[in-house]
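Participant: Input: one structure, supplied below.
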Amino acid sequence: MGVGFESVVAKELQALGYNTRTEDGRVFFEGGQADVVRTNLWLRSADRIKILLKEFRVTDFETLYDQVNALDWAELLPVDAKFPVQGRAVRSKLHSEPDVQSIVKKAIVDKMTEQYHRRGFLPETGAVYPLDIRIYKDVARVALDTTGESLFKRGYRVEHGGAPLKENFAAGLLKLTPFNGTHPLIDPMTGSGTLAIEAALIGKNVAPGTWRSFTYDQFDWFDAKLHPAQVAQAKTLVHPLEAPILACDIDQSILEIAKVNAHNAGVLQDISFKQVAVKDFATELENGVIIANPPYGKRLKDRDQVATLYQEMGQTLGPLTSFSQYYLASAPFFEQAFGKRATKKRKLFNGNLRVDFYQYWANRK
Ligand SMILES: C[S@@+](CC[C@H](N)C(=O)[O-])C[C@H]1O[C@@H](n2cnc3c(N)ncnc32)[C@H](O)[C@@H]1O
Numbered sequence: 000m001g002v003g004f005e006s007v008v009a010k011e012l013q014a015l016g017y018n019t020r021t022e023d024g025r026v027f028f029e030g031g032q033a034d035v036v037r038t039n040l041w042l043r044s045a046d047r048i049k050i051l052l053k054e055f056r057v058t059d060f061e062t063l064y065d066q067v068n069a070l071d072w073a074e075l076l077p078v079d080a081k082f083p084v085q086g087r088a089v090r091s092k093l094h095s096e097p098d099v100q101s102i103v104k105k106a107i108v109d110k111m112t113e114q115y116h117r118r119g120f121l122p123e124t125g126a127v128y129p130l131d132i133r134i135y136k137d138v139a140r141v142a143l144d145t146t147g148e149s150l151f152k153r154g155y156r157v158e159h160g161g162a163p164l165k166e167n168f169a170a171g172l173l174k175l176t177p178f179n180g181t182h183p184l185i186d187p188m189t190g191s192g193t194l195a196i197e198a199a200l201i202g203k204n205v206a207p208g209t210w211r212s213f214t215y216d217q218f219d220w221f222d223a224k225l226h227p228a229q230v231a232q233a234k235t236l237v238h239p240l241e242a243p244i245l246a247c248d249i250d251q252s253i254l255e256i257a258k259v260n261a262h263n264a265g266v267l268q269d270i271s272f273k274q275v276a277v278k279d280f281a282t283e284l285e286n287g288v289i290i291a292n293p294p295y296g297k298r299l300k301d302r303d304q305v306a307t308l309y310q311e312m313g314q315t316l317g318p319l320t321s322f323s324q325y326y327l328a329s330a331p332f333f334e335q336a337f338g339k340r341a342t343k344k345r346k347l348f349n350g351n352l353r354v355d356f357y358q359y360w361a362n363r364k
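Oh and the sequence shown: position 327 is 326 in numbering that gives the first Met the number 0, straight run, nothing missing.
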C-alpha cells in the first residue's frame, strides 16, 4: 500500500467485517482461505495479502535459523515448490538483508530435504510460493505472499510513458474523499484515467481483482473452487453507476489511452471523457467530488508553469464550492497559487515522492 494508507486499508478491511490491528505499516486481520480470496479480490488500496506463518524475537542468526527450521515446511511447500525468499531488516540487530535472506532460505532447504528425504537437492521447478522475512525492531515475521504481482496491477492498464498513479494509490485517495458513487465525480486532469476508472469501479461495486490471477491459484493445498466461486459472486454484485463521472485533460492523446484503460476495466460507458484545458473548464454538475493529480513540476524550470496551472485551477475550480475538492501536489506553493487555504492537508508518499493531499471541503447546496 502507499505509505500513509494504513488507516485506509484498515477501514476497507473493517467494512468487509474484519477486526484489524495496525503495526509497522502493516494491517493484520484473521481469516481462512476464503478470506484470502475475498481480500485479494476486494481490497482497493492494499498492496499484497500475506499469510503470517510465524512471529518471533530474534537478535542472532542461530535463533533465526532454528525458528524458521522449526516450521513444518513440507506441509506448506510441495517437493518441487519454487520458493524465492525476500528479506527485509529495519532497526534491528540483524541488519544484513542478504544474510537474513540466505539463512532463512538455508533453514527451509535443510528442513525440506530432511522431510522429503532429498539429500540437499530441491528442484524448485514447480509452482511459486513467494516467502518473505521481515525483521522490524528485532521482531521477525515470516510470511507467504498470496498475491504475487502487487494488487495495484489490476490488469486493465495499457503500458505507456507519463506518470500514471498506481491503481491502489488512486483508490486510496478516493477512499479519503466522501465519494461513493451517488454524487458526481470530476477529474479535470485525468491523464491515463486512473482516478476516474477507480471511481467508476467503486461506484459500480466492481471487485478490483476481477480480471487477474493470484499466487494462491497455484498453491496445491488451496481450495481451487473458492476463486471462481467468489469471482462469479462478485459479478452478481455489480450495479449501475448512479451519478456521472467526468474525466478531462488538455491532451487528446492521453485521453485516448484513458479510454482504452476504461474499456479494459469495463467502465468506458460510465465515464465522459472531454478534452479541455483547466482554464476553460466549466460544469453544470453540483454537489460532488473534484479530485486531481496535476503535474508536479518537479524540475525547477517547470515551476512557473505549474504555478500558473494551479492558479488557473483556483480560478475555474475554486468557485465550485458545492464540490469537495482534493488535489495531490508536491509543490509547497500549491495553496498560495490556488488562492485558497486547504481545509485539511494529508501527508502521503507517492512512491518515494513526498506529496500533500489538499482537501477543500464543500458547502453543499
Ligand atoms: C500527473 S498527470 C495525471 C496522471 C493521472 N492521475 C493518471 O493516473 O494517469 C497530469 C495530467 O494533467 C494534464 N494537464 C496538464 N496541464 C493541463 C491543463 N492546463 N489542463 C488540463 N489538463 C492538464 C496532463 O496532460 C497530464 O495528463
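Positions of the beta carbon are idealized from the N, C-alpha and C atoms, including for glycine.
Remember, predicted model here, so these are calculated numbers, not experimental data.
(1) Per DSSP, Phe221 forms a beta bridge with which residues?
(2) What residues does ligand 1 have around it, judged by CB closer than 5 Å to any heavy atom, in chain order?
(3) By the 10 Å Cβ neighbour count, where 16 or more other Cβ atoms means buried, how is His182 classified, buried or exposed?
(4) Under 7 Å Cβ to Cβ from Asn204, same chain only, skipping five residues before and after it: list those, please.
(5) Can at least three beta-carbon pairs, one atom from the region 217-235 and one from the region 166-185, be found at a separation below 8 Å?
(6) Give the C-beta separation of Val103 and Val89 to the nearest angstrom, bearing in mind that I take them to be a contact with Cβ-Cβ under 8 Å.
(7) For a test of the three-state rule: what should DSSP assign to Phe28, helix, strand or coil?
(8) Taking the alpha helix (DSSP H) that Glu54 falls in, what are its first and last residues?
(9) What's the C-alpha gap between Glu5 and Gly24?
(10) Cβ atoms of Ile134 and Val57: under 8 Å apart, would you say?
(11) Grab the span of the beta strand (DSSP E) containing Tyr135 for me, first residue to last.
(12) Count the other CB atoms within 10 Å of the CB of Val157; is the residue buried (16 or more) or exposed (fewer)?
(13) What residue range does the beta strand (DSSP E) around Ala69 cover?
(14) Mind reading off the beta-carbon distance from Gly125 to Ala199? Whole number of angstroms is fine, and I expect it under 8 Å.
(15) List the DSSP bridge partners of Ile290.
(16) So, is His226 buried or exposed, given that buried needs 16 or more other C-beta atoms within 10 angstroms?
(17) Within the continuous beta strand (DSSP E) that includes Lys273, where are the two ends?
(18) With a threshold of 6 Å on Cβ separation, who are the neighbours of Lys263 within its own chain once the five nearest residues in sequence on each side are excluded?
(19) So, does the region 132-150 touch the region 211-219, judging by three or more C-beta pairs under 8 Å?
(20) Starting from Lys344 and walking both ways along the alpha helix (DSSP H), at which residues does that stretch end?
(21) Consult DSSP for Leu42 and reduce its assignment to one of helix, strand or coil.
(22) Check whether the Cβ atoms of Glu54 and Val108 lie closer than 8 Å to each other.
(23) What ranges does the beta strand (DSSP E) occupy inside the region 61-117, keeping only unbroken runs of at least 3 residues that lie completely in it?
(24) For the region 288-304 and the region 255-269, state whether three or more C-beta atom pairs, one from each stretch, are separated by less than 8 Å.
(25) In angstroms, rounded to a whole number, what distance separates the CA positions of Phe356 and Asp144?
(26) I need the straight-line Cα distance from Leu327 to Glu197, nearest angstrom please.
(27) In or out: Ser191 buried (at least 16 other Cβ within 10 Å) or exposed?
(28) Where DSSP assigns a beta bridge to Thr282, which residues make up the other side?
(29) Considering only the beta carbon of each residue, do Phe366 and Gly313 sit closer than 8 Å?
(30) Is it a yes or a no for the region 37-50 touching the region 7-25, going by three-plus beta-carbon pairs under 8 Å?
(31) Round the Cβ separation of Leu308 and Pro294 to the nearest angstrom and send it over; I've been treating them as touching at under 8 Å.
(32) Specify the secondary structure class of Ala242 as computed by DSSP and reduced to three states.
(33) Could you spell out the range, first to last residue, of the alpha helix (DSSP H) harbouring Arg302?
Facilitator: Straight from the coordinates:
(1) For Phe221, which the question treats as bridged, DSSP gives no partner whatsoever.
(2) Taking each Cβ in turn, the ones that pass are Ala162, Pro163, Leu164, Met188, Gly190, Ser191, Thr193, Asp248, Ile249, Asp250, Ile253, Ala276, Val277, Asn292 and Pro294.
(3) His182 comes out buried.
(4) Excluding positions up to five away in sequence, the list reads Leu236, Val237 and His238.
(5) Cβ pair count under 8 Å is below three, so no.
(6) Not confirmed; about 16 Å, so no contact.
(7) Coil at Phe28, not helix or strand.
(8) Run containing Glu54: none in the alpha helix (DSSP H); it sits in the beta strand (DSSP E), Lys49 to Arg56.
(9) Glu5 and Gly24 have their alpha carbons spaced roughly 6 Å apart.
(10) A contact, by the Cβ cut-off of 8 Å.
(11) For Tyr135, the uninterrupted beta strand (DSSP E) run begins and ends at Leu130 to Tyr135, by DSSP.
(12) Exposed, since its Cβ has fewer than 16 Cβ neighbours within 10 Å.
(13) Premise fails: Ala69 is in no beta strand (DSSP E) and is neither H nor E.
(14) Not quite, the Cβ-Cβ distance comes to about 39 Å (not below 8 Å), so this is no contact.
(15) Paired residue(s): Tyr325.
(16) Per the 10 Å Cβ criterion, buried.
(17) Here the beta strand (DSSP E) through Lys273 covers Ile270 to Gln274.
(18) It should be pointed out that residue 263 corresponds to Asn in this sequence rather than to Lys. Closer than 6 Å at the Cβ level, and outside the excluded window around Asn263, lie Tyr155.
(19) With the rule of 3 Cβ pairs closer than 8 Å, the region 132-150 counts as touching the region 211-219.
(20) Judged by DSSP secondary structure, Lys344 falls outside any alpha helix (DSSP H) and instead within the beta strand (DSSP E) spanning Lys343 to Asn349.
(21) Looking at Leu42 - three-state DSSP - the assignment turns out to be coil, as it is neither helix nor strand.
(22) In this structure, Val108 does not lie closer than 8 Å to Glu54 by Cβ.
(23) Taken in chain order, the unbroken stretches of beta strand (DSSP E) that lie wholly in the region 61-117 and span 3 residues or more are 84-89.
(24) Proximity of the region 288-304 to the region 255-269 falls short of the contact definition, fewer than three beta-carbon pairs being nearer than 8 Å.
(25) Straight-line Cα distance between these residues: approximately 30 Å.
(26) Approximately 16 Å between the Cα atoms of the pair.
(27) With 16 or more Cβ atoms within 10 Å of its Cβ, Ser191 is classed as buried.
(28) DSSP lists no partner for Thr282.
(29) Given that the chain is displayed from residue 0 to residue 364, the structure contains no residue 366 and the question cannot be resolved.
(30) Enough Cβ pairs lie closer than 8 Å, so yes.
(31) Leu308 to Pro294, Cβ: 7 Å. Contact.
(32) Ala242 sits in coil when the DSSP states are folded into three classes, being neither helix nor strand.
(33) Residue range Arg302 to Thr315 is occupied by the alpha helix (DSSP H) that includes Arg302.
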